[in-house]
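S.K.:
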Amino acid sequence: MASQAQAQQLPMFYNDLVPLNSKEHSDWRVKGLDNASFMQSQHAIPVTVDEFPNAGRNYPIVFSAGENSVPLILMGLNEGVNTFMGDDGKFKEVAYVPAYVRRYPFLLAKLQPESEELSLCFDPSANAIGDFKEGETLFDKDQPTDRTKSILDFCEQFEQAGQRTGQFMQDLASMDLLMDGEVSIQQDGVEKPFVYRGFRMVNEEKVRDLRGDELRKINQNGMLPMIYAHLFSLQLMRDVFAKQVADGKMPQVTEAPSI
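Residue numbers for the sequence shown follow the working numbering, beginning at 950 and rising by one.
1) Quick one: what's got a C-beta closer than 8 Å to residue 1100's C-beta in the same chain, skipping five residues either side?
2) Which residues in the same chain as residue 1038 place their Cβ atom closer than 7 Å to its Cβ, once the five residues preceding and following it in sequence are excluded?
3) Leaving out the 5 sequence neighbours to the left and right, which residues in its chain are closer than 8 Å to residue 1051 when beta-carbon positions are compared?
4) Is residue 1161 helix, strand or coil by DSSP?
5) Determine the extent of the beta strand (DSSP E) in which residue 1021 is found, giving its start and end residues.
6) Starting from residue 1174 and walking both ways along the alpha helix (DSSP H), at which residues does that stretch end?
7) Tell me the rounded alpha-carbon separation between residue 1067 and residue 1135.
8) Leaving out five residues on either side along the sequence, give the residues of the same chain with a beta carbon under 7 Å from the beta carbon of residue 1128.
9) Please report how far the alpha carbon of residue 1008 lies from the alpha carbon of residue 1072, in whole angstroms.
10) Express the C-alpha separation of residue 1091 and residue 973 in angstroms, rounding to a whole number.
11) Which word fits residue 996, buried or exposed, when buried means at least 16 other C-beta atoms lie within 10 angstroms of its C-beta?
12) Suppose the cutoff is 8 Å on Cβ atoms and the five residues either side in sequence are ignored; what does the same chain contact list for residue 1094 look like?
13) Measure the C-alpha to C-alpha separation of residue 1192 and residue 971 and round it to an integer number of angstroms.
14) With DSSP run on the structure shown, which of helix, strand or coil describes residue 1121?
15) Can you have a look at residue 1182 and say buried or exposed, based on whether 16 or more other CB atoms are within 10 angstroms of its CB?
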C-alpha cells in the first residue's frame, strides 16, 4: 500500500513509495538490480551540481526549460531514446552513473505534508528489495543494519547535494546567466540540419563579461568551474547525435522535437 510519502506525481522511475520500517520489513533483504531497464526510455536524467565534473565527461549537461530549472544530463537527444543503454537494460559502454540512478529504488520523503522530517522510503515495484533468501539484510531485530545505514547516508548526501544545486540555480537566475539553448546538427546526406531546442544553458558571453564582485563571488563559491564543466560538456551533443544515427534512432523529419 502506498504511504502518504507518495506525492501527487512520483519522481522519475518510481511507481510507488513505501516507508521502510523494522515492523513490516524485518526479514527483508536488498540486492543489486540485474539491469537498469527502468531508465531505458529516459533520455534526460537529473544530476546535482556536485556531479558536473564527472558527468560532463560522458554526457552533455543542460538545464530544463521553464521556471524551477534543474540540471539534466542527456543520454539521448530525443524523447524515449537512451543511446547509452542496450536492449538488455545494461550500459553499452563504461560511463558515469548519476546519483539519481544509483539511489533507486530508495528515496527520502515526507510522510506527512506538514512535517519537515524525511523518512527512508522505497519503490516496492523494483526487484531489488523484498522477502528474498539472498541479499543483504536490512534489519537486525528492530535495528537497521550497516547496509541500511549506508543507504540512508547516501540518500542524505543526495538531498544535501540537491540543496546545493538549488542554490546554484538560484544564483544563475539572479545573475541572469541562463538563456534558451539551441543546437543545430547537420547529418551527412540530409539537406536540412536537425535543430534541438527546449532546454536552457549558461550564456558564456555574459560569464566573460562579469566584473568585480560578481566574478569574485562565482570564483570563490565554486560556481565558475561548474559553469565551465557545463559549457564544455555541450560539445558532446554531437557525439550523442552520432550514437543515435548509429543506432538508427533518429526522427524522420529535420525539425527534431525539443529536449
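Note that CB positions come from ideal geometry on N, CA and C, so glycine has one too.
Note that this is a predicted model, so its numbers are computed, not measured.
M.R.: On the basis of the supplied data:
1) For residue 1100, where only same-chain residues beyond five positions count, the Cβ hits under 8 Å are 979, 1055, 1069.
2) 984, 985, 986, 989
3) 1103
4) helix
5) 1020–1023
6) 1172–1182
7) 47 Å
8) 1149, 1150, 1152
9) Those two C-alpha atoms are separated by around 27 Å.
10) 10 Å
11) buried
12) 1085, 1086, 1087, 1088
13) Rounded to whole angstroms, the gap between the alpha carbons of residue 1192 and residue 971 is 46 Å.
14) In this structure, DSSP gives residue 1121 a helical state, which the three-state scheme calls helix.
15) Result: buried.
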